[in-house]
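Heads up, the thing below is written out as structure tokens.
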Amino acid sequence: MAVPFPEAELEILIYMLLGAFIALTFASGLYIWKLRQVLVSAQGDSSEEEEDLRIDNIGLSRRAEEVLDMVMDDPTLQSDLPDEVDVSKATISNAVSELFERDLVIKKKKANTYLIEPNFEEIRKQQR
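Mind the numbering: the sequence shown is residues 5 to 132 in our numbering, read in order.
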């Protein structure tokens, strides 16, 4: 059986494939966007707190900023901080004292040291 217009057959096929590709790209992009929204909302408020909080403009010393930045990522024992920052224990103690005096961290007693945790509410207050 002969095709009535043989020259038009290839063009239609190309345009159909191009349209299908565009529709597939749009649908997959929409699916990825929705999936990303679900994953971001499932992470909870802690990730939003970390994204919104900036500690560089609240008037801390450089060492205190370094310590607070590390503690915001993951609460840490005070005795482990000198090894991670490569400074003396006295420097870490002074930085933690500065942060504790301004209520930017919470110290919880753990054996002979303290677990240093960020106080997100106070950090937010001091940002404003």
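C-beta: ideal position from N, C-alpha, C; glycine also.
Residue i versus the options, residue with shortest Cα-Cα distance
i: residue 75; options: 111, 19, 105; result: 111
i: residue 84; options: 116, 62, 108, 46; result: 116
i: residue 123; options: 72, 81, 95, 114; result: 72
i: residue 95; options: 107, 13, 31, 69; result: 69
i: residue 108; options: 27, 93, 62; result: 62
Rounded separation between residue i and residue j - CA only
i: residue 97; j: residue 130; result: 22 Å
i: residue 66; j: residue 100; result: 12 Å
i: residue 89; j: residue 118; result: 17 Å
i: residue 23; j: residue 45; result: 33 Å
i: residue 106; j: residue 35; result: 45 Å
i: residue 149; j: residue 25; result: Not covered by the structure: residue 149. The range shown for the chain is 5 to 132.
i: residue 52; j: residue 28; result: Note on residue 52: pLDDT 48, under 50, position unreliable in the model; the coordinate value appears next. Cα to Cα, residue 52 sits roughly 32 Å from residue 28.
i: residue 31; j: residue 20; result: 16 Å
Beta-bridge partners of residue i, as assigned by DSSP
i: residue 109; result: 122
i: residue 81; result: 119
i: residue 129; result: According to DSSP, which records beta bridges pairwise, residue 129 is partnered with nothing at all.
i: residue 114; result: 117
Residue j beta carbon less than 8 Å from that of residue i
i: residue 64; j: residue 126; result: no
i: residue 120; j: residue 79; result: yes
Contact belief for residue i with residue j at Cβ below 8 Å, rounded distance in angstroms
i: residue 81; j: residue 113; result: Incorrect: roughly 11 Å between the Cβ atoms, too far for contact.
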